[in-house]
Amino acid sequence: MKITIVGTGYVGLVTGACFSEMGNTVYCIDIDDGKVEDLKNGKIPIFEPGLEELVSKNIESGNLFFSTELSIGLNNSNICFIAVGTPMGEDGSADMQYVLEAAREIGQLISHDLIVVNKSTVPVGTADMVKEVIKSEMAVRSVEFKVEVVSNPEFLKEGAAVSDFMRPDRVVIGSDDEDVIETMKELYSPFTINHERFITMDVRSAEMTKYASNAMLATRISFMNEMANICERVGADVNFVREGIGSDRRIGYSFLYPGCGYGGSCFPKDVKALIKTAQDNGYESTILKGVESVNEKQKFSIVTKIIKRFGEDLQGKTFALWGLAFKPETDDMREAASVVIIKSLIELGAKIKSYDPKAMDAAKEYYFADNPNISFYNNKYDVVEDVDALILVTEWKEFRSPDFDKIKEMIGKRIIFDGRNQYNKNILEKMGFEYYQIGNYG
Ligand code: NAD
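Have a look at this one:
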């Protein structure tokens, strides 16, 4: 098939690369000409395992094209995906300006019947709105083509985006047009060999499914963080509690890890947007508001432990911090817990020595430019030298089994604050470390 993708960010680029890998011809369009130039040369703007190879391979085989000209894509395809950003607006709702601009551009350029597929995460009712915008632009040009707007929410995870797209748990398609559903089924058939993974429904339910899915995952995280906070106060260990409840098949183990809060480009904004959608429709979402407020507080949990241990004045103290990205295997720092932790500690007078395998450029450029109180190192051990404590924020694999003998010799005070419960308390305490976790009575 021949496909255009409007918006070549995380989602658009992965979608384009994966569809081209299956033999489709894909035109990835973006308004950022610097990004497009880089992509034409196979240079990708994000870190995502396996993506660079996939992009280079498909540019070479002539299946994948990049351009700033939407007309080049539209003239050559009959399916057009919208995968532009829907950031958080000032009032918490999804900012729809990029989606609506993409729809306007499609309406201004469309020259034949088209299936428009909305992959951006958008509030219920957006497909109808996009159709209206395209129709009114066509009316201005006095042309009329058949346009069907489909909802196809994306569930990929940053850090595993290519493998998630290639082997999705499910593909959700929202449309009431049988022919369109057939076309989408064919397009996705290489990824959904088992047909139960291809789920069709009406457009509004598909739009809602994406928000409900992220809200559920965020709820599990906040629920577990709340359990951890109660455990700390009653002398229980949340690590045992997690095992105890996760073994119930109705509950399961996924997304039950306590920590220092969720972040990223999706959960925080999508939970907020759903709260706002509910409000706009006369419903107060008590659970989601709780999920959000638990998460905001949880980002301070490590700081609270540090204050309890060192006092409120951290002048003269230096902390080593492992992990800046909002989660492992990504360079994305949007809404990362590390930002809240670092800013709070610096405000209290501390200095930070930090290391992250992939996110240091983003940290330097967007969050801590010219801040003299944070320094960046190229090695996880170098940051530990002579510090007052080590703080683990992002559980990259390389932090899972570090050489504690080496750390013991290098570190100033043998203290570790673990924001992701990665280490064995007994072993570390036997080695002479003071070790603090989330949700543990110690
Ligand atoms: P992103 O910010 O990485 O990329 C968006 C891209 O769209 C940018 O490159 C921007 O330049 C481009 N753009 C904006 N307006 C344009 C226009 N008119 N024409 C062409 N290009 C345009 O965003 P993302 O992370 O890929 O997210 C896209 C959507 O997918 C969002 O709604 C997001 O919520 C959703 N989503 C994201 C993820 C994720 O993990 N990142 C997962 C699932 C769903």
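The opening position of the sequence shown corresponds to residue 1 in full-length UniProt numbering, with each subsequent residue numbered one higher. A virtual CB, placed ideally from N, CA and C, is assigned to each residue, including glycine.
Inset, instruction - Spatial neighbours of Leu428 within its chain, please: CB distance less than 8 Å, with the 5 preceding and 5 following residues excluded, ordered by chain position. - result: Phe404, Ile416 and Tyr435
Inset, instruction - Take Val11 as the anchor and find which of Gly159, Asp382 and Lys297 has the nearest alpha-carbon. - result: Gly159
Inset, instruction - Run the proximity test for Tyr10: is its beta-carbon closer than 8 Å to any non-hydrogen atom belonging to the ligand ZN? - result: Absence of the ligand ZN is noted for the structure shown, with the ligand NAD being the only ligands found.
Inset, instruction - Pick out the complete alpha helix (DSSP H) segments inside the stretch 282–365, 4 residues or longer, and give them in chain order. - result: 286–298, 301–310 and 337–347
Inset, instruction - Report, in whole angstroms, the separation of the C-beta atoms of Ile106 and Ile79, which I expect to be a contact under 8 Å. - result: Contact doesn't hold; Cβ gap of about 12 Å is too wide.
Legend entry - Neighbourhood of Val294 by C-beta, 6 Å cutoff - its chain only, sequence neighbours within 5 removed: Ser222, Asn225 and Glu226
Legend entry - contact_flag[the stretch 245–257, the stretch 178–193] where n(CB pairs < 8 Å) is 3 or more: no
Legend entry - Given Ile181 as reference, the closest of Phe240, Val383, Val149 and Tyr381 once Cα atoms are compared: Val149
Legend entry - Stretch pair the stretch 331–343 + the stretch 360–368: three plus CB contacts closer than 8 Å: yes
Legend entry - Rounded straight-line distance, which links the Cα of Arg242 to that of Asp95: 37 Å
Legend entry - Buried or exposed (CB count within 10 angstroms, at least 16 for buried), Lys308: exposed
Inset, instruction - Mind checking who Gly89 pairs with in its DSSP beta bridge? - result: Bridge partners of Gly89: none, in fact.
Inset, instruction - Would you mind stating whether Asn214 and Val140 have Cβ atoms separated by less than 9 Å? - result: no
Legend entry - Assigned secondary structure, Phe47 (DSSP; H/G/I helix, E/B strand, else coil): coil
Inset, instruction - Compute the beta-carbon to beta-carbon distance between Ile5 and Phe81, rounded to the nearest angstrom, for a pair I have assumed lies under 8 Å. - result: 5 Å
Legend entry - Whether Gly16 touches Cys260 by CB criterion (9 Å): no
Legend entry - With 16 other Cβ atoms within 10 Å as the buried cut-off, status of Lys43: exposed
Inset, instruction - Return the residue from the list Thr25, Glu409, Ala218 and Ile341 that minimises the CA-CA distance to Tyr367. - result: Ile341
Inset, instruction - Could you say which of Leu70, Ser93, Pro45 and Thr68 lies nearest to Thr277 if we only look at CA atoms? - result: Ser93
Inset, instruction - For my contact list, Ile3 and Phe19 are in at a C-beta cut-off of 8 Å; report their separation, rounded to the angstrom. - result: 6 Å
Legend entry - Of the listed residues Ser71, Lys351 and Thr126, nearest to Ile110 (C-alpha basis): Ser71
Legend entry - Check: Pro268 C-beta below 8 Å from any heavy atom of the ligand NAD: no
Inset, instruction - Would you check if the distance between the CB atom of Asp33 and the CB atom of Thr8 is smaller than 9 Å? - result: no
Inset, instruction - State yes or no: is the C-beta of residue 517 within less than 9 Å of the C-beta of Leu321? - result: Because the chain spans 1 through 442 in this model, residue 517 falls outside it and cannot be assessed.
Legend entry - Proximal residues to Gly412 (C-beta, below 7 Å), its chain only, five neighbours per side dropped: Asp386, Val387 and Asp388
Legend entry - For Ser77, three-class secondary structure by DSSP: coil
Legend entry - Cβ-Cβ separation, Lys297 to Met88 (assumed contact under 8 Å), whole Å: In fact, because the Cβ distance is near 19 Å, the residues do not count as touching under 8 Å.
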